[in-house]
Every structure is written in structure tokens, then in C-alpha cells.
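Numbering (the working numbering), first residue to last: 738 to 1145.
Don't be surprised by glycine CBs; every beta carbon is placed ideally from N, CA and C.
All values derive from a computational prediction rather than experimental measurement.
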Amino acid sequence: MSGRDPHPRPVADRLAPFGTTIFTEMTQLAAKHRAVNLSQGFPDFDGPDFMIEAAHDAMRSGHNQYARSVGVPELNRAIADFWRRETGEGIDPDTEVTVTSGCTEAVIATLLGLVNPGEEVILFEPYYDSYRACISIAGAEPRFVTLRPPTGAAAGDIVSEPFTFDPDQLRAAFSSRTAAIIVNTPHNPTGKVFTREELELIAELCIEHNAVAITDEVYERLIYEPDRLPHIRLATLPGMAERTVTLSSLGKTFSFTGWKIGWAIAPAALSASVRAAHQYLTFATATPLQHAAAMALNRGEDYVRSLVNDYKRRRSMLATGLAELGFIVYMPHGSYFILADHSAFGEKSDVDFCMRLITEAGVAAIPPSVFYDNRDNGKKLVRLAFCKRDETIREALQRMEKLKKPHG
Ligand code: GLN
């Protein structure tokens, strides 16, 4: 290298405000402090062997070149069959299903494919961080609707009422500039499962304002109280099939988050827009893994049933343990995260609390203020993942006993 400056250039304006994602940051900190990692949501165990075998078989039988851009036909068909089992509706696997590199790619492909610069996209906060960044990448403007925790709880309570939003705030967020709303149900990080009534209001407003609904349903199978709060797909509500892009993925359901297989389901015209972006983002997704994914969707029900049982037990373990330590626990009805209120420990913010948690107790968690437009709304909260082995959760709880409460 000569002594000349390497012509530095800062991160582009559309990305500069978002820095490094909290998931990368916390997982790196966890490694540095040898902490039990309940921050980034990924299992500390493998998915089923039959999928690993299926991926090997696909590689050995020559499925190693680019896949069809919109997905290998077997996987598109398996996704359409899954959709029919879940909703009773038949869809065309070749024109209405697009396979993407995880749901994360599906989110950005959908926004880039459907939303024009200057238009508005509504999202519920706390929001999964990529939505906010992708809205900016698309040149669009976010409008926020806040999900609020039930009030009146005290340290040590396990609260089973869900987070809710103010219908008037939602109504006010819609305007003639609204292009889309993003609805994540089951919701990360609150564990909220949107009710039929809530989805009906969203549907009514989308129809009234001619907006598209983009749903992120990656936790669709991780539902813990299906009688009280079943997973309802917005696309199945009257008038919504033609204006909804339903996104989901394989990773959470089959415990292979690193495979990065996701998809978008939408009527052909909307799918064409998603595909217009997808072809230039990744073009296609790992071919052998798509073959194994098809197998998982076709034959994986036993695995899913036992995984949900395991997660239900771990949800209780973590909730009970956190409540005993003095947190207010907001019981999730779906997903694999718990939000808890850490006020009893006397820290001013979620970031301070998470730093203390990692340095004093050796446990990594996510500070949820990064998921809010007004960060103050998240400062009392902490997110912990329970997609971990029983012994991992036990170890984390044991370590957290080292957290000394200010009073007693
Ligand atoms: N969805 C995961 C979580 O919420 C993170 C995925 C990622 O790191 N991109 O923890």
C-alpha cells in the first residue's frame, strides 16, 4: 500500500442510521463474555436428521446448480400443499409461490417490488429491525402503531393478557400515501398472536385505502394456546387474498435457521412484483436445501408436534424462573421469545440492563428499545429466547440469580 488515503466513503445515507443489527452485536458480545446466549433467536440444537439426509441425497444426486429463480418446483408444490392443508385454499405453486433466501429476503423483495419511494408503510412497534431498514432502502416512509403491554402488573407477575394497540392510532396511520402495512403474527418480540378482531380491522383499513398487507408469519407453527389464540392468516379474511403477500420460512419450524429458506405467497400479479426484485437480489436459493425443505414440509409433522411440546415446556420454565427472579413476565402466546420488565433490578435502560446481565451474570439478551421509533417505549423491557435446550435455560436462570436486586 502506498501512503495515499484509500478514498474513504461512509455508509450510504439509506443505511447509515441503522448501524450493525442488534442480533450480530449481542451474539458477538455473548461470545466475548462466554455468556449463555438467549439473545439472537436460534436453536442450540439441530433440526431433524431426515432433513440432513435429504440435503446430502440432493447433493449426491446432482442438485447443485442454480435453482429456478422462483424456487425448485418440488418446493413450490410442497408450500402450496402446506397452504391448502392450513387454509383449505388451493394456490398455483408456479405463479403464486416464490422461494426466497429466508423470510428476510422475502421482506426486502416484497417492499422493493411493491412500494414506491415517498410512499408510506405502516408497521407495529416493537418491530423486527429489518422492516424498518428495508422501508428506508425502498425510499419509503414508516408510520408506527405501538403495541402496549397490559398495565397493572407487579414484579414477579406472569401476565397472560396480550399486548394490544389503539385502533384509533391504527386508523390514523392510514392515508392516501399508504402503500402497505407489515403485520408480523405471531409477533417478534412480544409473542403476540393477533386476534381475528384485530386482523379484521387491519383488513377493513387495507381495503378502504387500497393498501397491500405484507404478513410475516415465520412463527406460524409455534403457537402455545391454539384454542384461545389460534394463528389466523390475514390472507384468509374476506377481500384480503387479492391484496396480501404472506411471508414465511422453514427455519423456525424445523430448527435450521441457517438454511435460509423462505417464501412469499401472493396472487400472481403481486408475486410478479416480488419476483421482479428477487431475481436481482439473490436470483435463487441453495438448490439442495430446497429439495430437503420440500421433504420437511411434506413429512415433518411429527417433528413439528414434538418441537412445539418442547417449546411449550421451555416457555413455562423460562417464564416461571424469570418471575421468581423478580421480572414481570409477559407470557408469549406464540414465537420463541419472552419479553419481561426488568424494573425491579434498578437499571435506567434496557441497554444498561443487558450490559449488566452479560457482565454480572453471563447471560446475553436483546434490549428491545432498538425495535421502537421512540426508544423510551422499550427501555423497561428485555427479550429472552427460549429456543434452547432445557439445560441451557436452566443454566441461564441459575446464572441470573447473581443479579442482585436493589431492594432485597
Ligand atoms: N429473527 C432472529 C431474532 O429475532 C434474528 C435473525 C437475524 O439475526 N437476522 O432473534
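Simplified DSSP state of residue i, which is helix, strand or coil
| i | result |
| --- | --- |
| tyrosine 1067 | strand |
| alanine 917 | strand |
| glycine 889 | coil |
| leucine 775 | coil |
| valine 930 | coil |
| threonine 832 | coil |
| threonine 1057 | helix |
| threonine 841 | helix |
| alanine 877 | coil |
| threonine 735 | Nothing about residue 735 can be reported from this structure: the residues present for the chain run from 738 to 1145 only. |
| valine 852 | coil |
| valine 896 | strand |
| threonine 901 | strand |
| phenylalanine 1020 | coil |
| phenylalanine 911 | coil |
| alanine 758 | The residue asked about is misnamed: residue 758 is threonine in this sequence, not alanine. Here threonine 758 sits in coil by DSSP. |
| alanine 870 | helix |
| leucine 936 | helix |
| glutamate 811 | helix |
| arginine 1012 | helix |
| histidine 1028 | helix |
| alanine 749 | coil |
| lysine 1141 | coil |
| leucine 766 | helix |
| leucine 966 | coil |
| glutamate 945 | helix |
| glutamate 826 | coil |
Residues of its chain near residue i, where Cβ-Cβ distance is below 7 Å and the 5 sequence neighbours each way are ignored
| i | result |
| --- | --- |
| tyrosine 961 | Lys1049, Arg1052, His1070 and Gly1071 |
| aspartate 1078 | Phe1064, Ile1065, Lys1117 and Leu1118 |
| asparagine 801 | Thr1024 and Pro1025 |
| proline 879 | Val858, Leu860, Arg869 and Ile872 |
| glutamate 1097 | Lys1139 and Leu1140 |
| leucine 974 | Leu936, Glu937 and Ala940 |
| arginine 751 | Ser873 and Ile874 |
DSSP bridge partner residues for residue i (one or two, in chain order)
| i | result |
| --- | --- |
| valine 882 | Phe861 |
| threonine 922 | Per DSSP, none; premise fails for threonine 922. |
| isoleucine 951 | Ile919 and Val982 |
| alanine 1001 | Thr835 and Leu984 |
| isoleucine 960 | Gly1071 |
Spatial neighbours of residue i in its chain, beta-carbon cut-off 6 Å, leaving aside the 5 residues before and after
| i | result |
| --- | --- |
| histidine 946 | Phe911 and Thr915 |
| phenylalanine 760 | Gln777 |
| serine 838 | Lys997, Thr1019 and Thr1022 |
| leucine 1062 | Met1137 |
| alanine 978 | Ala972 |
| alanine 890 | Val896 and Ile1065 |
| arginine 822 | none |
| threonine 1057 | none |
| leucine 984 | Cys840, Ala843, Asp953 and Ala1001 |
| leucine 849 | Ala875 and Ala1014 |
| proline 926 | Pro863, Phe1074, Leu1076, Pro1105 and Arg1120 |
Cβ-Cβ separation, residue j to residue i (assumed contact under 8 Å), whole Å
| i | j | result |
| --- | --- | --- |
| isoleucine 816 | isoleucine 845 | Isoleucine 816 to isoleucine 845, Cβ: 19 Å. No contact. |
| phenylalanine 991 | glycine 808 | So it is not a contact: roughly 17 Å between Cβ atoms. |
| alanine 1006 | leucine 971 | Wrong, their Cβ atoms sit about 18 Å apart, outside the cutoff. |
| lysine 1125 | leucine 775 | 7 Å |
| leucine 1066 | cysteine 1091 | With the sequence shown as reference, residue 1066 is identified as valine, and leucine is not the correct amino acid for it. No, valine 1066 and cysteine 1091 are not in contact; Cβ-Cβ is about 17 Å, not under 8 Å. |
| glutamate 833 | leucine 1018 | About 19 Å; that fails the 8 Å criterion. |
| threonine 1148 | glutamate 862 | Past the boundaries of the shown model lies residue 1148; the chain is included only from 738 to 1145, so the question cannot be answered. |
| threonine 981 | alanine 1003 | 7 Å |
| alanine 909 | valine 949 | Contact doesn't hold; Cβ gap of about 19 Å is too wide. |
| alanine 772 | glycine 1099 | 5 Å |
| alanine 877 | valine 852 | 5 Å |
| leucine 1076 | proline 1104 | Not really, about 11 Å apart at Cβ, beyond 8 Å. |
| leucine 938 | proline 904 | 6 Å |
| valine 1045 | lysine 989 | Not really, about 11 Å apart at Cβ, beyond 8 Å. |
Beta-carbon contacts of residue i that lie in its chain and below 8 Å, excluding the five residues immediately before and after
| i | result |
| --- | --- |
| arginine 814 | Pro830 and Ala1031 |
| arginine 805 | Ala1021 |
| serine 1080 | Ala892, Ile1065 and Lys1117 |
| phenylalanine 1123 | Leu775, Tyr1048, Arg1051, Arg1052, Met1054, Leu1055, Tyr1073, Phe1074, Ile1075 and Ile1130 |
| valine 1107 | Ile759, Asp866 and Gly1115 |
Test: residue i CB closer than 8 Å to a CB of chain D
| i | result |
| --- | --- |
| asparagine 1046 | Structure shown: chain D not included; a single protein chain is present. |
Which ranges does the alpha helix (DSSP H) cover as unbroken runs of at least 4 residues, wholly within the region 1071-1130, from first to last along the chain?
-> 1087-1093
Within the region 778-808, ranges of the beta strand (DSSP E) (whole runs, at least 3 residues) = none
What residue ranges within the region 968-997 form continuous alpha helix (DSSP H) runs of no fewer than 4 residues, ordered along the chain?
-> 988-991
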